[in-house]
Amino acid sequence: MEQHYKLAPDGSLFPKPKFRAVARKIRWPAFGVLMIYIVTLSIFPGFIAEDLPSKLLKDWYPVLLITIYNVADFTGKSLTAIYVLQSIKKATWGCILRLVFYPLFAACLNGPKWLETEVPVAILTSMLGVTNGYLTSVLMILAPMAVSVSEAELSAIAMVVFLGIGLVGGTVIGWFWII
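For what it's worth, our numbering labels the leading residue of the sequence shown as 2, then goes sequentially.
So this is what it looks like as structure tokens:
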């Protein structure tokens, strides 16, 4: 970060960016990352590992769902090597739209019989993983690009702070699925 604090043309140092000012500039990608991990960790792994029965796969069902999630998450992260959404607004809306996973997973637990089978849950788990991986990567790529070069590193740090808050928030909310 120090390499960005070179002398201005008049000989003075450029001021160091302030965390709050940079966080304010990237509030939408930061909010998106926060939402991603609140939604993901409030559903996965607690709900997937504890609440879903399978007569066919028995005890292997949670293991299979966790594997599906992890492969899908890796796939979502890898998709940014092919295509990166260039709109922070669209990516943030994608994060907000992930709230639809709550009623969908709840329907798999208490809904129609055809939704309580293994296939719909596996598909939803896969979608949860792909959107988690892809949207996280997109927002982590776009946030530092949305600010000046001197603020880029601090914006990445702010994104990690909001990711951490999302991890904690999602974990706490995840206990409600288990209870």
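Think of the CB as a built atom: it goes at the ideal place given N, C-alpha and C, for glycine as much as any other residue. Please read all numbers here as calculations on a predicted model, not as lab measurements.
Query	Result
Between the C-alpha atoms of residue 42 and residue 127, what's the straight-line distance to the nearest angstrom?	14 Å
Please classify residue 38 as buried or exposed, where buried requires at least 16 other C-beta atoms within 10 Å of its C-beta.	buried
Which same chain residues, not among the five before or five after residue 105, have their C-beta less than 6 Å away from its C-beta?	125
With a CB to CB cut of under 7 Å and the five nearest residues on each side skipped, what residues in its chain are close to residue 227?	Outside the displayed range of the chain (2 to 180) lies residue 227, so it cannot be described from this structure.
In angstroms, rounded to a whole number, what distance separates the CA positions of residue 157 and residue 141?	7 Å
So residue 35 and residue 174 are supposed to be a Cβ contact under 8 Å. How far apart are they, rounded?	With 8 Å as the limit, residue 35 and residue 174 do not qualify as a contact, their Cβ atoms being about 12 Å apart.
Answer with buried or exposed for residue 78, where buried requires no fewer than 16 other C-beta atoms within 10 angstroms of its C-beta.	buried
Suppose you measure from the CA of residue 56 to the CA of residue 62; what does that come to, to the nearest Å?	9 Å
Quick check on DSSP: helix, strand or coil for residue 118?	coil
With three or more beta-carbon pairs closer than 8 Å as the criterion, would you say the stretch 86–93 touches the stretch 105–121?	no
Can you confirm whether the stretch 97–112 touches the stretch 146–163 when touching is taken to mean that 3 or more C-beta pairs between the two stretches lie within less than 8 Å?	no
Can you give me the start and stop residues for the alpha helix (DSSP H) that residue 74 sits inside?	61–80
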